[in-house]
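Mature numbering (1 follows the signal peptide of the UniProt record, and there is no 0) puts the sequence shown at residues -25 to -1, 1 to 192.
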Amino acid sequence: MKKRIVTSCVIVSLSIALFSCKDKAKEAETKEAETPTVVEVSSETYTVNTEASTIEWRGFKPTGEHNGTINLANGSFEMTDENIAGGNFTVDMNSIVDLDIPADDEKNAKLVGHLKSADFFDVEKFPTATFEITGIEDKEGKTMLSGNLTLKEKTNNITFPINVSQENDTLSLSSETFTIDRSKWDVRYGSKSFFDNLGDKFINDDIEITVSVKATK
């Protein structure tokens, strides 16, 4: 009987592990910063509608997770022959919002305050982050967007899958959900990449990101 119980526990544990791996978003390919694309003079500029655009985020730790949004401050795409030729975007780091805790709960303000503090994104010192497109290509049936992400004055080039559509003078870009490893941008709090005595008090390095952007000519 004891052996049967142990076997059942092992099977359940393996099942949980398998499902966890299956559901985890893929990390964006990350490498050193690259030179931005050279945009042709004949390109058309599409300006980002910040009210209709958003970045969703999700962070994880052993005891649970948090999710929310962050806004774009400004941005634009350069289009050549109806294809994205370049672009750059500024993220307002002061706009971080948490959505899983009621807004009037003091724990919400405490969490957001902590994310904005020097422990995490230090928004007083680094009020914005930027993303500058360095390339776009079709790969294995998907459109892959590459760009230099600068956060806390650290720059890495990331590549992730997107969907692009155009209707009249409006351009819509949405990403698949992907992850970035915050340790590569020196976001250290609770990270096993920097501290080895955290036990189960660590916070995952991976942050899930989903981008939705609308821009008009």
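All C-beta atoms, glycine included, are put in the ideal place defined by N, C-alpha and C. Only a predicted model underlies this, so the values are computations on that prediction, with no experimental measurement involved.
TODO: Taking the CB atoms as reference points, tell me whether Ala190 and Phe106 lie closer together than 7 Å.
DONE: Walking along the sequence shown from the start, residue 190 turns up at place 215. Walking along the sequence shown from the start, residue 106 turns up at place 131. No, the Cβ-Cβ distance between Ala190 and Phe106 is not below 7 Å.
TODO: Under 8 Å by Cβ, that's how I've got Asn46 and Thr25 pegged, so tell me the actual separation to the nearest angstrom.
DONE: For the purposes of this step, residue 46 is taken as residue 71 along the sequence shown, with counting starting at 1. For the purposes of this step, residue 25 is taken as residue 50 along the sequence shown, with counting starting at 1. About 6 Å; that satisfies the 8 Å criterion.
Open item on the list: Quick check on DSSP: helix, strand or coil for Glu115?
Closed with: Along the sequence shown, one-based indexing puts residue 115 at 140. In the displayed model, Glu115 falls within coil according to three-state DSSP, outside both helix and strand.
Task: Whole runs of the beta strand (DSSP E) within the stretch 17 to 85, excluding any shorter than 3 residues - done: Taking 3 residues as the shortest admissible run, the stretch 17 to 85 contains the following complete beta strand (DSSP E) segments, listed from N- to C-terminal end: 19 to 23, 29 to 36, 39 to 55 and 58 to 73.
- [ ] Using the Cα positions of Pro102 and Lys159, report the straight-line distance between them to the nearest angstrom.
- [x] Taking the first residue of the sequence shown as 1, we reach residue 102 at position 127. Taking the first residue of the sequence shown as 1, we reach residue 159 at position 184. The straight-line gap from Cα to Cα measures roughly 19 Å.
- [ ] May I ask you to report which of helix, strand or coil DSSP gives Leu90?
- [x] As a position in the sequence shown, residue 90 is number 115, starting the count at 1. In the displayed model, Leu90 falls within a helix according to three-state DSSP.
- [ ] Would you check if the distance between the CB atom of Thr130 and the CB atom of Ala8 is smaller than 7 Å?
- [x] The residue labelled residue 130 in the question sits at position 155 within the sequence shown. The residue labelled residue 8 in the question sits at position 33 within the sequence shown. Going by C-beta atoms, Thr130 is nearer than 7 Å to Ala8.
Open item on the list: Quick test of your reading: Asn83 and Asp94, contact by CB under 8 Å. State the CB separation rounded to the nearest angstrom.
Closed with: Working through the sequence shown from its first residue, we reach residue 83 at position 108. Working through the sequence shown from its first residue, we reach residue 94 at position 119. That pair is no contact at about 17 Å.
TODO: Reducing DSSP to helix, strand and coil, say where Lys159 ends up.
DONE: Counted from its first residue, the sequence shown places residue 159 at position 184. Three-state result, Lys159: helix.
Open item on the list: Rounded to the nearest angstrom, what separates Asn188 and Asn179 at their Cα positions?
Closed with: Locating residue 188 in the sequence shown gives position 213, counting from the first residue. Locating residue 179 in the sequence shown gives position 204, counting from the first residue. In the sequence as displayed, the identity of residue 188 is Val instead of Asn. Looking at the two C-alpha atoms, the distance is approximately 27 Å.
Open item on the list: Tell me the rounded alpha-carbon separation between Ile108 and Gly50.
Closed with: Along the sequence shown, one-based indexing puts residue 108 at 133. Along the sequence shown, one-based indexing puts residue 50 at 75. C-alpha separation (whole angstroms): 11 Å.
Open item on the list: Which same chain residues end up closer than 6 Å to Ser147 when comparing Cβ atoms and leaving out the 5 residues on each side of it in sequence?
Closed with: Reading the sequence shown from its first residue, position 172 is the one you call residue 147. Hits under 6 Å: Ser140 and Lys189.
Open item on the list: Rounded to whole angstroms, what is the Cα-Cα separation between Thr152 and Pro136?
Closed with: Taking the sequence shown and counting its residues from 1, the one referred to as residue 152 is at position 177. Taking the sequence shown and counting its residues from 1, the one referred to as residue 136 is at position 161. Their Cα atoms are separated by approximately 8 Å.
- [ ] Go through its chain and collect everything with a Cβ distance to Lys6's Cβ below 6 Å, but skip five positions before and after it.
- [x] Counting from 1 along the sequence shown, the entry for residue 6 is found at position 31. Within the same chain, Lys6 has close Cβ partners Asn132.
TODO: Please check the pair Thr44 and Ile59, which I expect to be a contact at CB under 8 Å, by giving their CB distance rounded to whole angstroms.
DONE: Within the sequence shown, residue 44 is the residue found at index 69, counting from 1. Within the sequence shown, residue 59 is the residue found at index 84, counting from 1. Thr44 to Ile59, Cβ: 23 Å. No contact.
TODO: Please list, in chain order, all residues of the same chain as His89 whose beta carbon is under 7 Å from its beta carbon, the five residues on each side excluded.
DONE: Here residue 89 corresponds to residue number 114 of the sequence shown, with the count starting at 1. Correct list, in chain order: Phe95.
Task: Expected contact under 8 Å - CB spacing of Asp75 and Asn123 to nearest Å - done: Counting from 1 along the sequence shown, the entry for residue 75 is found at position 100. Counting from 1 along the sequence shown, the entry for residue 123 is found at position 148. The distance from the Cβ of Asp75 to that of Asn123 is about 30 Å, inconsistent with a contact at the 8 Å cut-off.
- [ ] Let me know if Ala78 comes out buried or exposed under the rule of 16 or more other beta-carbons within 10 Å of its beta-carbon.
- [x] As a first step, residue 78 is located in the sequence shown; it is residue number 103 there, counting from the start. Exposed, since its Cβ has fewer than 16 Cβ neighbours within 10 Å.
Open item on the list: Spatial neighbours of Asp144 within its chain, please: C-beta separation below 7 Å, excluding the five flanking residues on both sides.
Closed with: Numbered from its first residue, the sequence shown carries residue 144 at position 169. Contacts found: Thr191 and Lys192.
- [ ] On a CA-only basis, which of Asp97, Ala27, Gly62 and Pro11 is nearest Glu19? Give me that one, please.
- [x] Position 44 of the sequence shown holds residue 19. The residue with the shortest Cα to Cα distance from Glu19 is Gly62.
Open item on the list: Taking the beta carbon of Gly34 as the centre, do at least 16 other beta carbons fall within 10 Å, making it buried, or is it exposed?
Closed with: Locating residue 34 in the sequence shown gives position 59, where the first residue counts as 1. Only buried fits Gly34, as 16 or more other CB atoms lie within 10 angstroms of its CB.
Open item on the list: Just to confirm the assignment, what range does the beta strand (DSSP E) spanning Leu181 have?
Closed with: Counting from one through the sequence shown, the residue named residue 181 turns up at place 206. In the sequence under discussion, the amino acid at residue 181 is Asp, which differs from the Leu named in the question. Unbroken beta strand (DSSP E) run through Asp181: Asp181 to Thr191.
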